[in-house]
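In our numbering, the protein residues as written are 28 to 209.
Beneath this line is the structure, given in structure tokens, with notes to follow.
As structure tokens, then:
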């Protein structure tokens, strides 16, 4: 069964395959920048080098560490990869805090499923698996947003218990409880 894991070099091959499936609007999910205290540009060719990929994984992991100095306007985030063995199926980010921009349109949790793995229920599994992690980070409820016309993502958020608050800037804003009631 697929699970969320901290980024790992074990998925290098499938990471590159997922990169090859990216649409231009999805590039930010796997590249081109690491925000962990540096402004490195990542290309698919650079990520193909095993040593460079290890460096990318380490940079992504540092984004969650409180002692990592983040650039202005960038918050710490826990990035998790959704994998089945060594097959990368998706990526999920849990932002530890919200900036004004994230409050408007980005939210606490964002997720992406690679093109070849879509419509298999993975986004629903990813979001459900992420909620206890968000709760452990002190986030409850979590703000999760989606484009107004993204019916699939809306269903994922609603399946996780998301309550629609409003629409802003073409985004639907939902509050999702991260802790079990009771």
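No residue lacks a Cβ here, since even glycine has one placed at the ideal position from N, Cα and C.
Only a predicted model underlies this, so the values are computations on that prediction, with no experimental measurement involved.
What's the gap between the Cα of residue 162 and the Cα of residue 34?
Here the alpha carbon of residue 162 sits roughly 20 angstroms from the alpha carbon of residue 34.
- From residue 146 to residue 200, what distance separates their C-alpha atoms? Looking at the two C-alpha atoms, the distance is approximately 22 angstroms.
Three or more C-beta pairs under 8 angstroms: does that hold for the stretch 41-50 against the stretch 101-117?
The stretch 41-50 vs the stretch 101-117: in contact.
Grab the span of the alpha helix (DSSP H) containing residue 131 for me, first residue to last. Here residue 131 belongs to no alpha helix (DSSP H), and DSSP marks it neither H nor E.
Could you give the distance in angstroms between the alpha-carbon of residue 68 and the alpha-carbon of residue 30?
Straight-line Cα distance between these residues: approximately 28 angstroms.
Nearest-angstrom Cα distance between residue 204 and residue 80? Going from the Cα of residue 204 to the Cα of residue 80 covers about 35 angstroms.
Point to revise | Closest Cα partner of residue 186 within the set 193, 195, 194 and 148 | key: Looking at the Cα atoms, 148 is the closest of the given residues.
### Message
If distances are taken between C-alpha atoms only, which option among 123, 112 and 55 comes closest to residue 41?
### Response
Minimum Cα distance to residue 41 is reached at 112.
First through last residue of the beta strand (DSSP E) which encompasses residue 105: Bounds of the beta strand (DSSP E) holding residue 105 are 104-111.
Taking only beta-carbon atoms, is residue 157 less than 8 angstroms away from chain C? The structure shown contains no chain C; it is built from a single protein chain.
Cβ-based neighbour list, residue 143, same chain, cut-off 7 angstroms, excluding 5 preceding and 5 following:
Apart from sequence neighbours up to five positions away, the residues of its chain that approach residue 143 with a beta-carbon distance below 7 angstroms are 48, ordered along the chain.
Next item on the list: Quick one: give me the first and last residue of the beta strand (DSSP E) that residue 205 is part of.
Entry: In the DSSP assignment, residue 205 falls outside any beta strand (DSSP E) and carries neither an H nor an E.
Please say whether residue 94 and residue 104 have beta carbons closer to each other than 8 angstroms?
-> Not in contact: residue 104 and residue 94 (Cβ atoms no closer than 8 angstroms).
Exercise for the section: May I have the straight-line CA-CA distance separating residue 139 from residue 133, to the nearest angstrom? Expected result: Approximately 13 angstroms, taken between the alpha carbons.
Cut-off 6 angstroms between Cβ atoms - residues of its own chain near residue 64, not counting five sequence neighbours on either side: Any reading at residue 64 must be qualified, since the residue scores a pLDDT of 49, below 50, and its modelled position is unreliable; no value is offered.
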